[in-house]
Structure formats: structure tokens, C-alpha cells
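Following the numbering used here, the numbering of the sequence shown begins with 5 at its first residue and continues without gaps. Don't be surprised by glycine CBs; every beta carbon is placed ideally from N, CA and C. In this text the structure is predicted, and so the values were computed from the model without any measurement. Down below is the structure, laid out as C-alpha cells.
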Amino acid sequence: MNLESLFPFKRNYLDRNGQKYHYLNEGQGEPVVMVHGNPSWSFYYRNLVKSLSKNHQCIVPDHIGCGLSDKPGDADYEYTLKSRIDDLEALLESLEIKENITLVVHDWGGMIGMGYAARYPERIKRLVILNTGAFHLPKSKPLPLGLWICRNTLLGTLLVRGLNAFSSAASYVGVKRQPMPKDVRKAYVMPFNSWKNRISTLRFVQDIPLYESDKNYQLVSDISNSLEQFKQVPTIICWGLKDFVFDKHFLAVWKEKMPHAEVNQFDDCGHYILEDASDEVIPLIEQFMEKNR
Numbered sequence: 005m006n007l008e009s010l011f012p013f014k015r016n017y018l019d020r021n022g023q024k025y026h027y028l029n030e031g032q033g034e035p036v037v038m039v040h041g042n043p044s045w046s047f048y049y050r051n052l053v054k055s056l057s058k059n060h061q062c063i064v065p066d067h068i069g070c071g072l073s074d075k076p077g078d079a080d081y082e083y084t085l086k087s088r089i090d091d092l093e094a095l096l097e098s099l100e101i102k103e104n105i106t107l108v109v110h111d112w113g114g115m116i117g118m119g120y121a122a123r124y125p126e127r128i129k130r131l132v133i134l135n136t137g138a139f140h141l142p143k144s145k146p147l148p149l150g151l152w153i154c155r156n157t158l159l160g161t162l163l164v165r166g167l168n169a170f171s172s173a174a175s176y177v178g179v180k181r182q183p184m185p186k187d188v189r190k191a192y193v194m195p196f197n198s199w200k201n202r203i204s205t206l207r208f209v210q211d212i213p214l215y216e217s218d219k220n221y222q223l224v225s226d227i228s229n230s231l232e233q234f235k236q237v238p239t240i241i242c243w244g245l246k247d248f249v250f251d252k253h254f255l256a257v258w259k260e261k262m263p264h265a266e267v268n269q270f271d272d273c274g275h276y277i278l279e280d281a282s283d284e285v286i287p288l289i290e291q292f293m294e295k296n297r
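Right, here's the structure in full:
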């Protein structure tokens, strides 16, 4: 696999408490901050960066433990939602990005990105929402069995860290229109190539707050309540309805919380909407940004 041809961007690193925090910084203009989820990395946004960086400054971090960032053990990094938001804030502060931000979020990126937005609502100019959440698991949606096993059992740990079951499976089930090309699938799983390097994949799942006693339950409640502040912020939602986690139940909550949003639903697409429908979604995002200059 030739990663350079698929991902032809300069590597940038921020020293974050002794860890190398990788990010893309492409193009010039108003900032577009793209926040990935689990088990992906900045690679997910490669086509959107190529498109938007013609007119915008595209900032795309790899969360610690993901992509080209360092993958420390638990002794050197606390794998929690709060840490992720703190990291994103530190990166944007270091780049002096403090206004007119277009925030693009996917999967856990919704919670992390909107966690940052909740701290600085005045900095957010537009929102682009792709198969994600920024609120608790909808009451109508049970936690999928696969996630429950990964979150709560030793078997889950062995599957995720020993066999790379989560990252590998996502590269197959995350797309629905057609299978990912082999080199693209290899790029998705490439950073998660050992027991040590799969720590974040597991910790993300274990960090899903389901009960009030869970570590980040209150933080998620606060982020959810903060969405009220963004009802005047231009928002576009592009959603693959065949996502086995972020499905119609999550989309219904977004529609309720962001009634002003422009919603584009794709009946035949899955979780990785930018893989399944890149040719349709990227022009929609470009038009949305142009319309809301």
C-alpha cells in the first residue's frame, strides 16, 4: 500500500504533554476543523481536505492513540472524552484559531468537537454533522451487542486488542454501497497494528457513558444541553441510514435538537459516509459553505 498517494499531506505534530499529537494543516482561509471518531483517523477526511483546502485552512487532528499520533499506555495518557476535548482545544490555541470555525464531526468526533464548541460557542460559524452523536444514547436505541461485548467483557478486550476486530470489522461493515478498495481498507487499519497500538480503539468503547455513575456521563449531559446554543448556526447533516450504531434513532435526535439543519439522508450508505458517498456529500458541503459565507 502506498499511503503517500492516498494521503499526500504534510505531517505536523504538537507536543502534547510529552505525546506527539499529529494533525493536518492544509490550505489557507477560514478554518475548517475536522474531528474523526473511532476506529478511524484523519485519513477519513482526506477527500474533503483535498476539496476544501483550495479555499480554507483545514485542520485535522489524529486523537492521541490514533492515526499518526503517539499511542501511549494508560500510565501516560487518560483515554477519556475530557482529555480529547482538552487536546483539541490545545491544538487550536497553538494555531491561534479562534473565530469563524467550520466544525466537521463524525462518530466520537461529534462528542469531542461539540465538547469544544460548548466551551467556545462564539467561535463556531458552521456545523457539518456526519453520522455522529453529541448526546446520550437515544432511549429508543439499545447499545449494539458488539459494542456491549467490547465495552464490558474480557472477550471484547481480546477481540479488539488481540485481533483488531473493531478496526478491521469497521472497514468492512462501515461501507454499504460497495466494499472499500483494498488499499483504502489497509490505510484505515494501518495505525492499529499491534496490541499496544490498539489501546485507543478499546478505550473509546469503554468510555461510552451509559449510566450516571460513568465517568463522563455529566460531561455528555452538558454537551447535549449546549446544543441549544447552536440553533442559529448554519448546519448541514449528511447521514448514512445503514449505520449500525449511528442510525435513524440518532438522526431523529439531531433533527429535534437542530430543527434548522439542512438534512441529507442516504438510504444505501453506512457509517463511513465519506467513503460511501464522497462524490455526493463533498459537493453538498461545498455548496452549504458557499451559501453560508
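Inter-residue spacing [alpha-carbon to alpha-carbon] between residue i and residue j
| i | j | result |
| --- | --- | --- |
| residue 189 | residue 175 | 6 angstroms |
| residue 114 | residue 137 | 5 angstroms |
| residue 120 | residue 228 | 12 angstroms |
| residue 214 | residue 141 | 7 angstroms |
| residue 124 | residue 208 | 24 angstroms |
| residue 54 | residue 38 | 13 angstroms |
| residue 155 | residue 146 | 14 angstroms |
| residue 256 | residue 217 | 26 angstroms |
| residue 231 | residue 269 | 21 angstroms |
| residue 219 | residue 172 | 28 angstroms |
| residue 204 | residue 157 | 16 angstroms |
| residue 293 | residue 266 | 12 angstroms |
| residue 193 | residue 274 | 18 angstroms |
| residue 286 | residue 160 | 35 angstroms |
| residue 139 | residue 117 | 12 angstroms |
| residue 290 | residue 93 | 25 angstroms |
| residue 200 | residue 170 | 14 angstroms |
| residue 184 | residue 260 | 33 angstroms |
| residue 182 | residue 13 | 26 angstroms |
| residue 295 | residue 148 | 38 angstroms |
Spatially closest choice to residue i from the options, by CA coordinates
| i | options | result |
| --- | --- | --- |
| residue 264 | 254, 239, 282 | 239 |
| residue 177 | 159, 123, 150 | 150 |
| residue 96 | 35, 53, 284, 208 | 35 |
| residue 88 | 101, 70, 100, 102 | 70 |
| residue 85 | 47, 41, 144 | 41 |
| residue 211 | 193, 152, 10, 197 | 152 |
| residue 7 | 186, 171, 237 | 186 |
| residue 65 | 234, 56, 47 | 47 |
| residue 16 | 242, 33, 63 | 63 |
| residue 271 | 252, 193, 232, 287 | 252 |
| residue 103 | 83, 82, 129, 118 | 129 |
| residue 3 | 44, 11, 43 | Residue coverage of the chain in this structure runs from 5 to 297, which leaves residue 3 outside it and unanswerable. |
| residue 51 | 276, 292, 294 | 276 |
| residue 100 | 61, 26, 261 | 61 |
| residue 235 | 122, 199, 157, 171 | 122 |
| residue 68 | 293, 83, 258 | 83 |
| residue 233 | 14, 184, 262 | 262 |
| residue 33 | 94, 27, 59, 45 | 59 |
| residue 206 | 173, 243, 163 | 163 |
| residue 283 | 242, 200, 294, 260 | 242 |
| residue 4 | 56, 18, 273, 72 | Lying outside 5 to 297, the shown extent of the chain, residue 4 is not represented and no answer is given. |
| residue 237 | 14, 94, 105 | 105 |
Integer-rounded CB distance, given that residue j should sit under 8 angstroms from residue i
| i | j | result |
| --- | --- | --- |
| residue 168 | residue 202 | 6 angstroms |
| residue 280 | residue 180 | 6 angstroms |
| residue 278 | residue 27 | Contact flag wrong, Cβ pair sits at about 18 angstroms. |
| residue 57 | residue 31 | 3 angstroms |
Buried or exposed (CB count within 10 angstroms, at least 16 for buried), residue i
| i | result |
| --- | --- |
| residue 91 | buried |
| residue 144 | exposed |
| residue 297 | exposed |
| residue 191 | buried |
| residue 195 | buried |
| residue 43 | buried |
| residue 72 | buried |
| residue 166 | exposed |
| residue 198 | exposed |
* To do: Pair every Cβ in the stretch 246-253 with every Cβ in the stretch 203-223, then say whether three or more of these pairs are closer than 8 angstroms.
  => They do not touch, by the three-pair rule.
* **Validate contact between the stretch 75-86 and the stretch 21-38 using beta carbons, cut 8 angstroms, 3 pairs** => The stretch 75-86 vs the stretch 21-38: in contact.
* Is it a yes or a no for the stretch 101-109 touching the stretch 128-135, going by three-plus beta-carbon pairs under 8 angstroms? -> Taking a cut-off of 8 angstroms for Cβ pairs, the stretch 101-109 and the stretch 128-135 touch, as three or more such pairs fall below it.
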